[in-house]
Every structure is written in C-alpha cells, then in structure tokens.
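The structure under discussion appears below in the form of structure tokens.
2 protein chains.
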Amino acid sequence: MEERILELIEGKKYGQLKEIFSEMNPTDLAIILSEVPHKELTVLFRILPKELAAEVFVEMDTDMQQFLIEAFSDRELKEVLDELFMDDTVDIIDEMPASVAKRILMQTDKETRKMINQLLAYPDDSAGSIMTTEYVDLKTNMTVEAAFARIRKVGVDTETIYTCYVIDASRHLLGLVSVKDLLLSQTDKTIGEIMEENVIYANTHEDKEEVAALFDKYGFLALPIVDKENRLVGIVTVDDAIDVLQEEVSEDFEKMAAILPSERTYLKTGVFETFKARIPWLLFLMISATFTGAIISAYENKLTVLPALIAYIPMLMGTGGNSGSQSSVTIIRSLSLGDIEFRDIFKVIFKELRVGVFCGGVLCVVNMVKLYLIDYLLMKNFDSGKELYEMITICITLFFTVIVAKLVGCILPIIAKCIKVDPAVMASPLVTTILDAVSLFIYFATAGVVIGL
Amino acid sequence: MEERILELIEGKKYGQLKEIFSEMNPTDLAIILSEVPHKELTVLFRILPKELAAEVFVEMDTDMQQFLIEAFSDRELKEVLDELFMDDTVDIIDEMPASVAKRILMQTDKETRKMINQLLAYPDDSAGSIMTTEYVDLKTNMTVEAAFARIRKVGVDTETIYTCYVIDASRHLLGLVSVKDLLLSQTDKTIGEIMEENVIYANTHEDKEEVAALFDKYGFLALPIVDKENRLVGIVTVDDAIDVLQEEVSEDFEKMAAILPSERTYLKTGVFETFKARIPWLLFLMISATFTGAIISAYENKLTVLPALIAYIPMLMGTGGNSGSQSSVTIIRSLSLGDIEFRDIFKVIFKELRVGVFCGGVLCVVNMVKLYLIDYLLMKNFDSGKELYEMITICITLFFTVIVAKLVGCILPIIAKCIKVDPAVMASPLVTTILDAVSLFIYFATAGVVIGL
Numbered sequence: 001m002e003e004r005i006l007e008l009i010e011g012k013k014y015g016q017l018k019e020i021f022s023e024m025n026p027t028d029l030a031i032i033l034s035e036v037p038h039k040e041l042t043v044l045f046r047i048l049p050k051e052l053a054a055e056v057f058v059e060m061d062t063d064m065q066q067f068l069i070e071a072f073s074d075r076e077l078k079e080v081l082d083e084l085f086m087d088d089t090v091d092i093i094d095e096m097p098a099s100v101a102k103r104i105l106m107q108t109d110k111e112t113r114k115m116i117n118q119l120l121a122y123p124d125d126s127a128g129s130i131m132t133t134e135y136v137d138l139k140t141n142m143t144v145e146a147a148f149a150r151i152r153k154v155g156v157d158t159e160t161i162y163t164c165y166v167i168d169a170s171r172h173l174l175g176l177v178s179v180k181d182l183l184l185s186q187t188d189k190t191i192g193e194i195m196e197e198n199v200i201y202a203n204t205h206e207d208k209e210e211v212a213a214l215f216d217k218y219g220f221l222a223l224p225i226v227d228k229e230n231r232l233v234g235i236v237t238v239d240d241a242i243d244v245l246q247e248e249v250s251e252d253f254e255k256m257a258a259i260l261p262s263e264r265t266y267l268k269t270g271v272f273e274t275f276k277a278r279i280p281w282l283l284f285l286m287i288s289a290t291f292t293g294a295i296i297s298a299y300e301n302k303l304t305v306l307p308a309l310i311a312y313i314p315m316l317m318g319t320g321g322n323s324g325s326q327s328s329v330t331i332i333r334s335l336s337l338g339d340i341e342f343r344d345i346f347k348v349i350f351k352e353l354r355v356g357v358f359c360g361g362v363l364c365v366v367n368m369v370k371l372y373l374i375d376y377l378l379m380k381n382f383d384s385g386k387e388l389y390e391m392i393t394i395c396i397t398l399f400f401t402v403i404v405a406k407l408v409g410c411i412l413p414i415i416a417k418c419i420k421v422d423p424a425v426m427a428s429p430l431v432t433t434i435l436d437a438v439s440l441f442i443y444f445a446t447a448g449v450v451i452g453l
Numbered sequence: 001m002e003e004r005i006l007e008l009i010e011g012k013k014y015g016q017l018k019e020i021f022s023e024m025n026p027t028d029l030a031i032i033l034s035e036v037p038h039k040e041l042t043v044l045f046r047i048l049p050k051e052l053a054a055e056v057f058v059e060m061d062t063d064m065q066q067f068l069i070e071a072f073s074d075r076e077l078k079e080v081l082d083e084l085f086m087d088d089t090v091d092i093i094d095e096m097p098a099s100v101a102k103r104i105l106m107q108t109d110k111e112t113r114k115m116i117n118q119l120l121a122y123p124d125d126s127a128g129s130i131m132t133t134e135y136v137d138l139k140t141n142m143t144v145e146a147a148f149a150r151i152r153k154v155g156v157d158t159e160t161i162y163t164c165y166v167i168d169a170s171r172h173l174l175g176l177v178s179v180k181d182l183l184l185s186q187t188d189k190t191i192g193e194i195m196e197e198n199v200i201y202a203n204t205h206e207d208k209e210e211v212a213a214l215f216d217k218y219g220f221l222a223l224p225i226v227d228k229e230n231r232l233v234g235i236v237t238v239d240d241a242i243d244v245l246q247e248e249v250s251e252d253f254e255k256m257a258a259i260l261p262s263e264r265t266y267l268k269t270g271v272f273e274t275f276k277a278r279i280p281w282l283l284f285l286m287i288s289a290t291f292t293g294a295i296i297s298a299y300e301n302k303l304t305v306l307p308a309l310i311a312y313i314p315m316l317m318g319t320g321g322n323s324g325s326q327s328s329v330t331i332i333r334s335l336s337l338g339d340i341e342f343r344d345i346f347k348v349i350f351k352e353l354r355v356g357v358f359c360g361g362v363l364c365v366v367n368m369v370k371l372y373l374i375d376y377l378l379m380k381n382f383d384s385g386k387e388l389y390e391m392i393t394i395c396i397t398l399f400f401t402v403i404v405a406k407l408v409g410c411i412l413p414i415i416a417k418c419i420k421v422d423p424a425v426m427a428s429p430l431v432t433t434i435l436d437a438v439s440l441f442i443y444f445a446t447a448g449v450v451i452g453l
C-alpha cells in the first residue's frame with residue numbers, strides 16, 4: 001500500500017491519490033507523508049478534504065507542521081486552524097518558533113486567542129496543559145430531549161460528546177451524564193434527575209501524571225478539570241491521558257538508565273543532543289567511582305599478598321548491583337502504579353530483608369560449591385595456603401552484600417518519593433555505584449576478620 | 001472519608017453505610033472493602049445495590065472475589081454474574097481454583113457457558129483473551145432511527161455503545177458508525193450511507209500488546225476483533241488496552257532488572273514468590289562473572305607488579321556498564337514504541353558509534369585531568385615509575401570501552417527483537433556482564449601495548 005502511494009506521488013497522479021487519501025486513517029496518512037520530500041508536501045496536503053487535512057496535520061511531527069505553516073497562505077492556515085481542537089492548537093503553538101506562533105495567533109479570532117493564551121500559561125506538567133476547552137455542557141433543568149438538541153448543536157466541534165458536564169450559571173460543576181444514560185432515559189426526564197452527582201475531577205494545576213493515573217485507575221473516557229474556584233474550565237480525554245502515561249514511562253526508563261529525559265524520538269534526535277543527554281551522568285558516575293578506587297588503593301599492599309581475592313571483586317560488585325537493581329526497580333514501579341506508599345516502608349524493608357536473606361543464602365551456598373569444585377580443584381586459582389579462609393571470605397561477603405543491596409535498593413526510592421525527588425533517579429546506576437563501595441567495604445572488613453588481612 | 005466508613009463498619013451502622021456506599025465510585029469502594037476483615041465482607045457486600053455490587057466485585061482482588069463467591073448462595077452468585085460483562089466473567093474464572101470456576105459456570109445458562117469456554121480457550125497473550133463479546137451490531141439497511149432503537153435495546157448490557165459495528169448476515173465486518181455520527185445525522189439516512197468502511201481491526205490470535213499499541217497510535221475507544229474467517233467476534237475497549245500497556249511496561253521493568261515477571265502487586269506477593277522470581281538471574285549472572293574473574297586471574301601476577309591498575313577496574317567496568325545501559329534502554333524503549341525497526345539497524349549503529357566517540361572522548365580527557373591532578377599529585381596513587389603510561393592505559397581503555405559498550409548496547413536488543421526474543425531481556429544486567437569482560441580485555445590488551453605488561 002505504502003509503496004503504491006509513493007509511486008503515485010512520484011508519478012504526480014494527484015487524482016488517484018486524492019481518492020486513496022480520502023479513505024485513509026489520518027495517523028497512517030501522516031506516517032506516509034513523513035516519507036515524502038518536503039517540497040511535495042504542500043501539494044499533497046492541498047488535495048486532502050478540509051477535515052481530514054486538519055486531522056492529518058495534528059498527527060505530523062513538528063518539523064513538518066512548521067514547514068507547512070510557512071508554506072500556507074493566511075487563508076489556508078486559517079482553514080486548518082478552524083478545524084483543530086483547542087488543545088491541539090495550543091500544543092502546536094507551544095512547539096513552534098515565536099514568529100510562527102505569532103502568525104498562528106493572528107489567524108484566530110479575539111476570543112479564541114484569549115483562550116489559547118490562557119491555556120499556554122499553564123505549566124508544562126499540569127493538568128491544564130493537556131486539557132481541551134471544548135466539551136458539551138448541560139443545565140439541570142434541561143430535558144433529555146433538549147440535551148440531545150444541544151449535543152447536536154455543539155457536538156461537532158467538541159472532542160468527545162460521550163460525557164456531558166452539568167454546570168450552574170457560574171459554571172460550577174454539578175454532575176455529569178453519559179450519552180449512554182441519555183439514550184437509555186425517557187426523553188421528558190430532566191438532566192437534574194438522571195445526572196451522576198459524585199463526579200471525580202481534577203484541578204488545572206494538578207500534576208498531569210497524577211491525572212493520567214486516574215484514567216488507569218477508574219477507566220474513564222474523559223475527566224473534568226476545574227479552576228481554583230471549582231468552575232469547570234476543560235476536560236482531559238483518554239487519548240491524551242495515554243500519551244502522558246507513555247511519556248512518563250519513557251522518562252522513567254531514561255532516568256533509570258542515567259540519561260537526561262528528552263522529548264523527541266530516537267531517530268529524530270541528533271547525535272550531539274543524544275551525547276548531551278548521556279554525558280552528565282556518565283561523568284558523575286565515573287568521578288564517583290573514585291571512592292571504590294580509593295578503597296581498593298587503601299588495601300592495595302594487602303591484596304598483593306593474596307592476589308586471588310582481586311579476581312572476585314567484579315563478581316561481588318556485580319551481584320550486589322544486580323540484587324540492588326532488582327529491589328529498586330520493583331519498588332520504583334510499584335510506587336508509580338500506586339501499589340505502595342511511604343507508610344508501607346517498614347513492611348517493604350521487612351520483606352526485602354527476608355528476600356535478601358534467602359537470595360544471599362542460596363548464592364552463598366552455590367558459590368561455595370562452585371569455588372571449591374571449579375575454582376579450587378579444577379582451575380587452581382587459590383595457592384596461598386589460606387584457600388579455605390579466602391573462599392569463606394568471598395561467600396560471607398556475598399551473603400551480606402546481597403542483604404545490604406536489597407535494603408538500599410528498597411529504601412532509597414521510597415525516601416526519594418517522600419522528599420519529592422523522582423524515585424526513578426534512584427535506580428540502577430546510582431544504587432550500583434553506592435553498592436560498589438559498600439560491597440568492597442564488606443569484602444575487606446570480612447577479610448580482616450577471617451584471614452586477618 | 002475512609003476513616004469514617006471504617007468507623008461506621010465497626011459500629012455496624014448498615015443503614016448509614018448503605019446510603020454512603022450507593023453514592024460511591026466502585027473502584028474506591030473496592031479499595032475500602034479491601035481494608036475490611038473478610039468476615040464483615042459478605043454483610044457489607046449484601047447492602048450494595050445490585051448493579052453497583054457487580055461493578056465493585058470486578059474491581060476486587062482475586063482473594064476477595066474467591067472469598068465472596070464461596071460465601072454466596074447460588075442465587076446470589078447468579079445475580080452478580082448476570083450483571084458482569086463477559087470479559088470480566090472470563091477473567092475471574094481464569095483466576096479461580098477449578099472447583100470455584102466450575103461453580104461459576106454452573107450458574108450461567110448454556111449459551112453463555114459456551115461463549116465463556118470459547119473465550120477461555122484463547123491463549124493468555126492473545127487479543128481474544130482481552131476482548132468482550134458484548135457490543136452493538138447494526139445492519140447496513142437500518143435507518144439511523146432504527147439504529148438508536150437497537151442501541152436502546154441492547155445497549156444496557158454492552159460495555160460500550162459509542163462505537164457500533166456494521167455486519168452482514170454471516171457476521172463479516174463491513175464498517176462502523178460512532179454514536180456521534182448517528183446523533184449528527186438525519187434520522188432517515190441508512191447505516192450503509194453513513195458508516196465508515198475503512199475499519200482498522202485485529203485478529204483474535206494477534207498479540208494483545210500489539211493490539212494495545214494500536215490504541216496508543218490511533219487514539220481508539222474500542223477496536224473490533226475478527227476470527228480467521230473475518231467474522232466479528234468481539235471488541236477490545238480502551239480501558240482494557242490501558243491495562244495491557246501498563247502490564248507490558250511492568251514486565252519490561254522486571255526483565256530489565258533481571259527479575260522473572262510476576263502478575264501480582266508487590267505487597268500481595270509472598271516473600272518466597274519474590275525470592276523465586278529473583279534468584280535465577282542472580283545465580284546465572286554470578287556464575288557468568290566467572291569469566292571476568294578468570295581474566296583477572298590470568299593477569300594476577302602482572303597486576304602485582306603494577307597494583308595501582310587494580311584500583312581502576314571498578315571505574316572502567318562501571319563506566320562501560322553505564323554507557324551500555326544508556327544505549328540498550330533507549331533502544332528497547334524505542335523498539336517497543338515502534339520508533340525504530342530492524343531495518344534501522346545501520347542508522348542506529350552509526351549514530352551510537354558517533355555518540356560513543358563523543359562520550360568516550362570527553363570521559364577520556366576529563367579522566368586524564370582528574371588522574372593527574374587528584375590521583376597522582378594529590379593522593380599519590382601512582383609510584384611505580386611508570387605513572388604516565390599507567391594513566392594513559394586507563395584513559396585509552398575508557399575511550400574504547402565506551403564505544404564498544406554503546407555498540408553492544410544498541411545491537412543486542414535489535415537482534416533480540418529480530419529473533420523474537422523480548423529485547424528487554426537484553427538490558428542492563430546481561431549487557432553489563434558482557435561489557436565487564438570486554439572492558440577487562442581492552443584494559444589488559446592496552447596495558448600490554450602501552451606498558452608492555
């Protein structure tokens with residue numbers, strides 16, 4: 001399909017293209033147009049029916065949108081803008097350079113411009129920044145029939161009609177009715193009689209991630225957003241909530257991999273931009289490894305007496321780091337899903353302590369067997385005359401490192417959440433760096449006690 | 001609120017509770033009931049209005065559901081089951097022990113039972129396993145008015161009425177109409193005239209994660225599911241798609257932290273279960289660290305000549321691991337969002353190569369300065385007479401380790417995807433273990449060339 005379209009574009013068969021395009025899904029169409037050279041874009045965009053053109057425009061990436069806006073005449077620009085939903089318009093303006101943003105605003109009428117400026121003023125991570133101001137509002141004294149008339153009148157310009165919001169004269173939110181309720185009610189009942197009054201809503205300045213989590217928890221299709229005076233100012237729809245959930249996950253992944261979050265997709269991000277997102281944590285973690293280096297340096301002379309111990313440093317640090325990541329990642333995910341809270345900290349610690357003892361115990365025993373059979377008998381790694389003590393040192397270190405790793409891994413993210421730092425930052429690399437130092441301390445302390453190093 | 005309810009429960013004020021409960025959101029109510037001792041549960045559940053009772057029941061966790069089912073009389077059980085949607089019934093049966101599942105099936109009529117058994121037969125990760133069979137179906141020759149009559153008739157028992165599916169006599173999917181389209185159309189138009197014919201659908205045996213990704217991509221509220229003969233057999237709704245997306249993310253997190261995926265929330269999982277999910281990878285990674293140990297052992301005697309080099313092993317391995325995780329996690333997330341595909345592998349490799357050269361270069365220079373100023377001049381870590389050569393060895397190793405780490409980190413997940421292994425398994429711990437060995441190889445090879453070790 002895609003190939004055939006690209007062929008038709010090359011052959012400039014606009015008549016056939018027009019027919020194919022008009023039947024296509026806007027998302028798919030935007031993907032195909034992203035493969036086309038920019039100079040063809042304007043012509044192709046012009047053959048789209050007006051409504052579809054706007055839908056495709058919303059799905060395009062910022063570069064393409066900017067290119068098109070700059071190619072549009074004022075009239076064309078206005079035509080596209082008239083078809084857009086308010087939240088999409090605001091998102092586009094937000095991404096454009098100032099001159100383009102200004103040109104867009106000039107094509108909107110005074111009232112719309114005021115609304116756009118209001119929406120632009122909400123902080124980037126607030127519910128206000130993802131809401132749309134177009135929804136169906138009803139009054140309590142309307143009949144079901146009158147409600148349908150209103151839906152027919154304003155519905156074509158709203159993002160969803162399936163949940164209608166009931167407000168009083170000063171726009172306070174009184175309740176909601178779904179179109180399903182309306183369809184299943186007698187037409188002469190009033191909205192006041194059939195509306196649901198226990199409405200779950202959010203405030204414009206609430207964190208958009210918390211608002212998105214409500215969709216996951218309750219299965220909403222839309223959520224009303226009110227201002228400080230509890231007046232209804234907009235709604236968030238489920239598709240925007242899914243976007244927020246996905247962005248949040250990507251951000252968590254990045255933080256957990258010690259990368260500064262970025263907003264663009266991988267292939268759209270330049271090499272230098274990727275470099276800038278990755279180098280700060282790499283530098284910080286490299287410098288902080290000075291501590292592990294310092295600990296080893298302090299024991300350098302003693303290690304040359306029992307060089308076999310050196311070979312097990314990576315295994316001990318690795319197992320410590322892996323054990324810690326297992327806990328920290330589990331806790332980070334549970335915190336973000338709302339499965340655990342700060343008040344559960346002692347339950348979590350107690351559980352991780354027991355899991356740590358089990359894991360540490362099994363690893364300790366398996367390692368002892370492996371050390372004796374493979375490393376000692378088969379590979380003859382130990383020849384200092386203190387073999388047994390060395391092996392015991394390694395296994396005891398393993399046991400305690402795993403337990404400490406589990407505890408550090410579970411405590412750090414919970415504390416981070418409590419002091420309002422994103423728990424994801426407390427994931428693998430940072431925890432691992434701390435545990436590297438901890439496991440060396442345990443190693444040399446144990447060696448001191450067991451071997452008298 | 002929650003405290004007041006718990007107080008009322010303790011005081012057995014069922015009259016007041018009934019009133020409060022009937023106004024509450026089912027999800028919230030299920031959360032509150034999870035705090036109540038099991039013996040109170042049956043009484044409290046019985047005071048709920050029938051429809052709400054079923055909605056609360058669906059939101060409860062498996063333990064509570066099983067307890068209630070066992071406490072129900074056959075008539076009570078049937079009443080709850082009659083109010084449930086088909087997909088929820090199937091999910092519940094799927095989680096129950098065989099005896100309870102059998103009792104549930106006995107309370108359903110023959111036709112429903114046949115349908116349930118069909119749904120139970122779909123593999124756990126297929127679209128069929130998350131679909132519901134209750135939806136509004138229309139015929140092309142119906143008028144808009146007749147369509148509304150049908151929605152009013154069957155709508156009360158379907159999960160969504162907002163998208164209606166148009167089928168022919170043998171249930172082949174012909175198109176869809178939204179209730180919005182119906183409301184905005186003249187009542188005497190036929191469904192055939194107004195329906196959307198380019199319908200995006202999925203097959204029952206498709207991977208449920210791929211189906212959920214379609215909701216993210218297109219912003220659907222529901223997606224039709226067809227069987228092998230292209231007959232409509234069910235729909236997936238957006239709330240279930242969000243659940244799948246969230247489960248998938250949790251699974252990716254677990255795999256990336258070297259944990260076997262589990263289905264229960266953290267606090268609901270027993271200590272032994274958590275232990276079982278974590279120990280296999282810990283054991284595997286511990287044993288595989290034998291390789292790094294073996295490499296160090298091989299150079300043991302040489303290292304005792306230049307002991308200062310030992311202190312930098314953790315830093316080199318750590319930086320290698322971190323650099324590799326940055327790439328692998330970015331690539332894993334981009335693969336699962338569909339931002340990159342196998343055919344992009346050379347673009348990705350070329351990009352990571354350049355990012356690796358930049359990152360490695362900066363780290364190399366910063367480290368040289370730090371080694372000279374802090375480690376050499378200030379802390380006097382080097383005293384072998386070959387200081388400069390040692391420092392150069394460390395920095396060259398750093399440079400090449402970072403580059404190799406970036407390449408390994410990006411290539412492994414893409415190859416995993418290509419051979420149908422979940423890329424998330426190729427994340428941090430496995431990549432890190434490989435890179436530990438690689439960085440040591442580079443270290444000792446460089447030391448051999450530069451110092452002649």
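As given, the protein sequences belong to chains A and B, one line each in that order. According to the working numbering, the residues represented by the first sequence are 1 to 453, in order. According to the working numbering, the residues represented by the second sequence are 1 to 453, in order. We treat Cβ as the ideally placed atom computed from N, Cα and C, and that holds for glycine.
- Leu52/A has a beta carbon lying at 8 Å or more from every beta carbon in chain B.
- Residues are counted here when their Cβ sits less than 8 Å from a Cβ of chain A; for the segment 292-323 of chain B these are Thr292, Gly293, Ala294, Ile296, Ser297, Glu300, Asn301, Leu303, Thr304, Pro307, Ala308, Ile310, Ala311, Tyr312, Ile313, Pro314, Met315, Met317, Gly318, Thr319, Gly321, Asn322, Ser323, given in chain order.
- When Cβ pairs closer than 8 Å are counted between the two stretches, the segment 311-325 of chain A is seen to touch the segment 382-398 of chain A, the count reaching three or more.
- For Val226/A, there is no enclosing alpha helix (DSSP H); the enclosing beta strand (DSSP E) covers residues 222-226.
- Fewer than three beta-carbon pairs drawn from the segment 105-118 of chain A and the segment 140-158 of chain A are found closer than 8 Å, and the two stretches are therefore not classed as touching.
- For Glu23/A, the neighbours in chain B by C-beta distance under 9 Å run, in chain order, Glu197, Asn198.
- Across the structure, Phe272/A and Ser327/B are spaced so that their CA atoms are roughly 14 Å apart.
- Assignment of beta-bridge partners to Arg231/B by DSSP yields His172/B.
- Nothing from the segment 122-134 of chain B brings a Cβ to less than 7 Å from some Cβ of chain A.
- With a cutoff of 8 Å on beta-carbon distance, Asn381/B and Leu282/A are scored as not near each other.
- Shortest Cα-Cα distance from Ile332/A to any of Cys364/A, Lys255/A, Gly318/A, Leu353/A involves Lys255/A.
- For the segment 436-447 of chain B, the set of positions with a beta-carbon nearer than 7 Å to some beta-carbon of chain A reads Asp436 in chain order.
- Within the same chain, Gly320, Gly321, Gly324, Ala405, Val408 come within 7 Å of Leu435/B by CB-CB distance, once the 5 residues on both sides are set aside.
- By the beta-carbon neighbour count (other beta carbons within 10 angstroms, threshold 16), Asn367/A is buried.
- Contacts between Asn381/B and chain A, judged by CB atoms closer than 9 Å, involve Gly293, Ala294, Ser297, Glu300 in chain order.
- Taking a beta-carbon distance threshold of 8 Å, Ala98/A does not count as an interface residue toward chain B.
- Inclusion of Arg150/B and Leu184/A in the CB contact set at 8 Å is not warranted, their separation being larger than that value.
- Under DSSP, Glu196/B takes part in a beta bridge, and its partners are Leu176/B.
- Look at the beta carbons and you see the segment 350-369 of chain A touching the segment 275-292 of chain B: at least three pairs across the two are nearer than 8 Å.
- Runs of the beta strand (DSSP E) lying entirely within the segment 332-399 of chain A and spanning at least 3 residues: none are present.
- The segment 41-60 of chain B and the segment 1-21 of chain B touch, with three or more beta-carbon pairs separated by less than 8 Å.
- CA-to-CA, the gap between Ala212/A and Asn25/B works out to about 17 Å.
- For Leu283/A, the C-beta contacts it makes with chain B under 8 Å involve Val362, Leu363, Val366, in order along the chain.
- The Cβ-Cβ distance between Pro224/A and Tyr266/A does not fall below 8 Å.
- Taking a Cβ-Cβ cut-off of 8 Å, the neighbours of Thr433/A in chain B comprise Gly318, given in sequence order.
- Between Gln246/A and chain B, the shortest Cβ-Cβ separation is below 8 Å.
- In this structure Leu337/B is not in contact with Lys417/B, their Cβ atoms being roughly 12 Å apart against a cut-off of 8 Å.
- Distance from Lys189/A to Val144/A at the Cβ level is roughly 5 Å; contact confirmed, criterion being Cβ atoms closer than 8 Å.
- Nearest CB-CB separation between Gln326/A and chain B: below the 8 Å threshold.
- Beta bridge pairing from DSSP links Asp252/A with no other residue.
- Taking 4 residues as the shortest admissible run, the segment 117-148 of chain A contains no complete alpha helix (DSSP H) segment at all.
- Chain-ordered, the chain A residues with CB closer than 7 Å to the CB of Gly155/B read Lys180, Leu183, Leu184.
- Taking CB atoms only, Arg333/A has a neighbour in chain B less than 8 Å away.
- Counting every other CB atom within 10 Å of its CB across the protein chains shown gives Glu35/A a total below 16, marking it as exposed.
- Beta-bridge annotation (DSSP): Thr163/A is paired with Ser178/A.
- If you ignore the 5 residues before and after Glu55/A, its C-beta comes within less than 7 Å of the C-beta of Pro26, all in its own chain and listed in chain order.
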